[in-house]
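When the sequence shown is numbered by numbering that gives the first Met the number 0, its final residue is 171 and no position is left out of the sequence of numbers.
Here's the structure we're looking at; comments come further down.
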Amino acid sequence: MSTHASVKSITLLGVLTAMQIMLNSLLSIQFLTTKIAFAFVVVAITARLFSPLVTAGSTALAYFLGMVLFPKFTFFPGFILTAFLTGLIFGMAFQQRTSLTRILLANFIVLFILNLFLNSLWLHIMYMTPWSALLTTRFIQEIVSYLVYTTVLVVLFKVPIINQLTAQFNAK
0 MSTHASVKSI
10 TLLGVLTAMQ
20 IMLNSLLSIQ
30 FLTTKIAFAF
40 VVVAITARLF
50 SPLVTAGSTA
60 LAYFLGMVLF
70 PKFTFFPGFI
80 LTAFLTGLIF
90 GMAFQQRTSL
100 TRILLANFIV
110 LFILNLFLNS
120 LWLHIMYMTP
130 WSALLTTRFI
140 QEIVSYLVYT
150 TVLVVLFKVP
160 IINQLTAQFN
170 AK
């Protein structure tokens with residue numbers, strides 16, 4: 000990879016990471032046990048352009064910087080692990096190509112394993128919230144999120160300009 004291509008890649012990754020921070024921190028709604036945000040769109044685009052580890056690192060960094068710059072609740076490092084794993088899952092699912100099966104599987108893992116169970120564990124550790132309260136309220140949110148994530152990502156990956164840009168970027 001040439002120096003020019005490296006500079007372009009680093010610049011693009013920086014812009015995408017900043018967009019994650021904005022969507023996750025400033026343009027999201029945060030409740031005690033629930034968060035509504037659209038940063039997953041930027042994570043999916045990052046996953047199409049970069050390797051799974053780069054996507055995971057970018058997602059974890061964006062979460063950390065968002066918490067440092069715009070704290071909305073008590074900092075807990077477990078959420079950085081969840082962000083890293085989210086980027087890793089999306090990176091593995093979307094790096095080379097996307098399909099409905101990949102979108103459904105990646106969303107299932109992220110929403111029902113990472114967000115529902117792992118984030119509920121972090122909330123339980125932080126606030127000693129009973130598991131029954133966490134899982135019942137968050138399960139409904141994750142079902143709705145699953146439908147939204149899937150719909151948005153299916154539409155996003157069908158947009159011709161997104162596919163053209165990712166093909167051009169990956170060709171260099």
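Cβ atoms here follow ideal geometry from the backbone N, Cα and C, with glycine treated the same way.
| Query | Result |
| --- | --- |
| Suppose you measure from the CA of residue 20 to the CA of residue 65; what does that come to, to the nearest Å? | 5 angstroms |
| Just to check my reading of the structure: residue 22 and residue 41 have Cβ atoms closer than 8 angstroms, yes? What is that Cβ distance to the nearest angstrom? | 6 angstroms |
| Pull up the distance between the alpha-carbon of residue 58 and that of residue 77, whole angstroms please. | 14 angstroms |
| In terms of residue numbering, what span does the alpha helix (DSSP H) encompassing residue 72 cover? | Unbroken run through residue 72: none, as it is neither H nor E. |
| Excluding the 5 residues preceding and the 5 following residue 155 in the sequence, name in chain order all residues of the same chain whose CB lies nearer than 7 angstroms to its CB. | 40, 43, 161 |
| Identify, in the order they occur along the chain, each residue of the same chain with its Cβ nearer than 6 angstroms to the Cβ of residue 144, setting aside the five sequence neighbours on each side. | 110 |
| Do residue 99 and residue 153 have their beta-carbon atoms positioned less than 8 angstroms apart in this structure? | yes |
| Per the contact definition of three or more C-beta pairs closer than 8 angstroms, is the region 83 to 92 in contact with the region 47 to 54? | yes |
| Residue 93 and residue 46: beta carbons closer than 8 angstroms? | yes |
| Looking only at its chain, what residues have a beta carbon closer than 8 angstroms to the beta carbon of residue 103, apart from the 5 residues adjacent to it on each side? | 149 |
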